[in-house]
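Enquirer: Add 977 to a position in the sequence shown, counting from 1, and you land on the number used in the working numbering.
Okay, handing you the structure first.
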Amino acid sequence: MRLRLSLTLLLLIVSGLTLTLASANTASKTQTYSETKEIFKKATPTVSPTLRLNQKLPVNKLSTCGFNSAKMNEKTDLGKCTIMVIGDSMASNLGWGLSHVVQKSSKITLILKGKPSSGMANIWFYDWTKELPEMLETNKPNLVIVYIGANDHQNSKIEGKVESFGSSRWLLSYNNQMQDIEKLANNAGAFVIWVELPVMRLSGYEQGIKAINEIQESVVTNMEGGSYLHIRNIFADSYGKYRDFANINGKMQKIRGDDGIHYSSLGQKVLAANVIAQIEEIFHTEISKSGAYLITE
């Protein structure tokens, strides 16, 4: 097999699992989502993202950016660095947030490459594994942030055949695409950050997004040059449910878009601030920021 499957995906294939779906285009339920979640929980080891800093990528320019040169007992300025954001419209939201939060005077260059309606289940529309090499060659990023999956709660056409969301062939294709994106970026000299999708308003869609998050995290856990960032709880209420408003710096403000999927303008900044904070923790570095966008309960 061209690319290795994660342990989680192998378990899903062996069990013949089809994830719970909520739309007419998805497969019939054979297991409840809670049962699926238990499989992921048992199969996915807990790995500290900082451990992945020890990976030796086949490049020699990473240290100039500071991602793999920072000492673990002290924070250092990130230095001159190029960060590229790819994915669907959620990546566009994150990119816009980063463009406001990252201080203009910083040495960071942001490359925003979000493609609305794209994904890894609809490559007939846009295939990231084919488009990414040119982006990497042109922009030469030190870090690639991937924010994708909002359009992946659907069946996928693979080699001329429609495969149900969550089926073994669907999972294999999804895994392979994630591995390809990771390897392309690593071979081009970039670390990779994958960002979790937030809680969604519609319950059926929310169940699909939960599954997408579980799948992505299970694959990233077994990657050698990437990390997975959790942001879901930041945008959920105290019960883990969807919320439109949150207390931002002492004032209740709207953080989600009217569609119950995307982020509001302020929500984009909150998202970006939290992503930056986690990047700083993972790579033990500092990024100059303008303004504070913190949710206070």
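The beta-carbon is built from N, C-alpha and C at its ideal position, and this holds for glycine as well.
Being a predicted model, the structure only gives us computed values, none of them experimental.
Using 10 angstroms around the beta-carbon of N1210, count the other beta-carbons present and answer buried if the total reaches 16, otherwise exposed.
Expert: With fewer than 16 Cβ atoms within 10 Å of its Cβ, N1210 is classed as exposed.
Enquirer: Is the beta carbon of K1228 less than 7 Å from the beta carbon of D1221?
Expert: Not in contact: K1228 and D1221 (Cβ atoms no closer than 7 Å).
Enquirer: Starting from G1185, trace the beta strand (DSSP E) in both directions and tell me its first and last residue.
Expert: Segment 1180-1198 is the alpha helix (DSSP H) holding G1185; no beta strand (DSSP E) there.
Enquirer: Taking its Cβ as the centre, do 16 or more other Cβ atoms sit within 10 Å of T1273, making it buried, or is it exposed?
Expert: Exposed, since its Cβ has fewer than 16 Cβ neighbours within 10 Å.
Enquirer: Tell me where the alpha helix (DSSP H) around S1204 begins and ends.
Expert: Per DSSP, S1204 belongs to no alpha helix (DSSP H); it is in the beta strand (DSSP E), 1203-1206.
Enquirer: How many angstroms separate the CA atom of K1092 from the CA atom of S1241?
Expert: Distance between the alpha carbons of K1092 and S1241 is about 18 Å.
Enquirer: With 16 other CB atoms within 10 Å as the buried threshold, where does N1224 fall?
Expert: N1224 should be labelled exposed.
Enquirer: Taking 8 Å as the threshold, find out whether the segment 1079-1087 comes into contact with the segment 1129-1136 through three or more Cβ pairs.
Expert: Short answer: they don't touch.
Enquirer: Strictly by DSSP, which residues pair up with M1229?
Expert: According to DSSP, M1229 bridges with N1224.
Enquirer: Consult DSSP for E1258 and reduce its assignment to one of helix, strand or coil.
Expert: It is helical.
Enquirer: Using the Cα positions of D1235 and S1195, report the straight-line distance between them to the nearest angstrom.
Expert: If you take the alpha carbons of D1235 and S1195, they lie about 31 Å apart.
Enquirer: Straight-line CA distance for L1149 to N1190?
Expert: Rounded to the nearest angstrom, the two C-alpha atoms are 16 Å apart.
Enquirer: Assess, as a yes-or-no matter, whether the segment 1139-1147 is touched by the segment 1166-1183 under the definition of 3 or more beta carbon pairs within less than 8 Å.
Expert: The segment 1166-1183 is not in contact with the segment 1139-1147.
Enquirer: According to DSSP, C1058 sits in a beta bridge with which residue or residues?
Expert: BP columns for C1058 point to I1085.
Enquirer: Kindly give me the distance between the Cβ atoms of Y1124 and M1200, rounded to whole angstroms, as I take these residues to be in contact under 8 Å.
Expert: Not a contact, Cβ separation roughly 16 Å.
Enquirer: Roughly how many whole angstroms lie between the Cα atoms of S1145 and G1202?
Expert: The alpha-carbon atoms of S1145 and G1202 are separated by roughly 25 Å.
Enquirer: To the nearest angstrom, how far is the alpha carbon of Q1156 from that of N1164?
Expert: If you take the alpha carbons of Q1156 and N1164, they lie about 12 Å apart.
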